[in-house]
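For the sequence shown, our numbering gives the first residue as 144, with consecutive numbering after it.
Presented below is the structure to which this report refers.
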Amino acid sequence: MNDATSRQTFSPETLDALFEAVDTDDIVDPVVSLPNPVPMACTSQTMRACLDLCLQFWREGAVRSDMIGLTNTLLQKGDLSGKERVRYKHIRARYKHLRFALVLYGQRHKAPFLFRCTVAVMGHLQDAFRNHQSRTTAAYALLLRVLLSWPVWLAVQREMETVKMDSEQGFLTFRQAEFQRLAEWLESGTLTAHRFHTIRKIISRQVSFYDTMRTLAPNEQLYRMSRFLSAINGLMGSMHDELVEQAGRGQRDYRRDDVLMPMNIRSRLDELIAQFG
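Quick look at the structure:
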């Protein structure tokens, strides 16, 4: 990644606009339509600006001391207050948004190991305390506390400096391959909860891209892409929460039992795939 002296920095207003976009990236807008054609172009300069914005968004909003405080509360009480849950959600959203950016724009299309582990543990921890699983909450809270320790935190900062940007063509090829995988999975006719979640991650990555793009260069096409994808993301997110709860109660095997894709999600996915194809 470009070094700290050459990174772009963005105004508080730009960061606030990105926060607003990210905070509504699972809100279902029933009337928004997909632009035709979908905006696909992205220069290497824009890719770098997107990644710089996502990195600043994470560093300025995912405050380590806040996260440690929330983790300590979970270790002591096993749950968070309503206000604390909102703070946890917002910090996790910044982590997730940067993870999507690292996967999208990085040459390896994979977030660095320690950062990736931190985001995963935060997600498992949230599922655990939401579903009142006290032992699982304690275990993941303890693991997150280790990942937030000073040596690991410094290592995560260093990981950010090792990320190499992909080319314009590599970025486009990666996105096209993701939608090809999505089409193949839907055509197979069988989905597990785990595969359903993997499909949602593809959509979430695209939401994050268009959220960042419309923050940097607001226009109607980018806004419509963002809102169309957000509708899919929101519908899939609500359903996935139910699948996780069912798995937690022993009502389904998360990785084995089939899941029926609802038509209100499937029709939107089919429309999206047709445009990307």
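From the three backbone atoms N, C-alpha and C, an ideal C-beta is built for every residue, glycine too.
1. Go ahead and label Val206 buried or exposed: buried means 16 or more other beta carbons lie within 10 angstroms of its beta carbon, across all protein chains shown.
2. Whose C-alpha, out of Ser369, Tyr283, Thr333 and Ile346, is nearest the C-alpha of Arg357?
3. Just confirm the distance between the C-beta atoms of Leu161 and Leu196, as a whole number of angstroms; I'd bet it's less than 8 Å.
4. Please report the Cβ distance between Val165 and Ala236, rounded to the nearest whole angstrom; I am assuming they are in contact, meaning their Cβ atoms lie under 8 Å.
5. Could you give the residue range of the alpha helix (DSSP H) that holds Tyr283?
6. Which of the three DSSP states, helix, strand or coil, is assigned to Ala147?
7. Arg202: which of Arg288, His383 and Trp296 sits nearest, CA to CA?
8. Does any residue of chain B bring its CB to less than 9 Å from the CB of Arg357?
9. Just to check my reading of the structure: Ser347 and Phe243 have Cβ atoms closer than 8 Å, yes? What is that Cβ distance to the nearest angstrom?
10. Can you give me the C-alpha to C-alpha distance between Gln319 and Leu247, rounded to a whole angstrom?
11. Taking only the alpha-carbon atoms, compute the straight-line gap between Ala271 and Lys232 and give it to the nearest angstrom.
12. Opposite Gly225 in the DSSP bridges: which residues?
The short version:
1. The C-beta of Val206 has fewer than 16 other C-beta atoms within 10 Å across all chains shown, which makes the residue exposed.
2. Ranking Ser369, Tyr283, Thr333 and Ile346 by Cα distance to Arg357 puts Ser369 first.
3. About 7 Å; that satisfies the 8 Å criterion.
4. The distance from the Cβ of Val165 to that of Ala236 is about 5 Å, consistent with a contact at the 8 Å cut-off.
5. Annotation for Tyr283: the continuous alpha helix (DSSP H) segment containing it runs Ser277 to Leu290.
6. With a pLDDT of only 46 at Ala147, under 50, the local geometry of the prediction cannot be trusted, and the value read off the model is given with reservation. DSSP places Ala147 in coil when its eight states are reduced to three.
7. The candidate whose alpha carbon is nearest that of Arg202 is Trp296.
8. Judged by its chain identifiers, the structure shown contains no chain B, having just a single protein chain.
9. About 6 Å separates the two Cβ atoms, so the contact holds.
10. Cα to Cα, the separation comes out at about 12 Å.
11. Whole-angstrom Cα-Cα distance: 14 Å.
12. BP columns for Gly225 are empty, so no partner.
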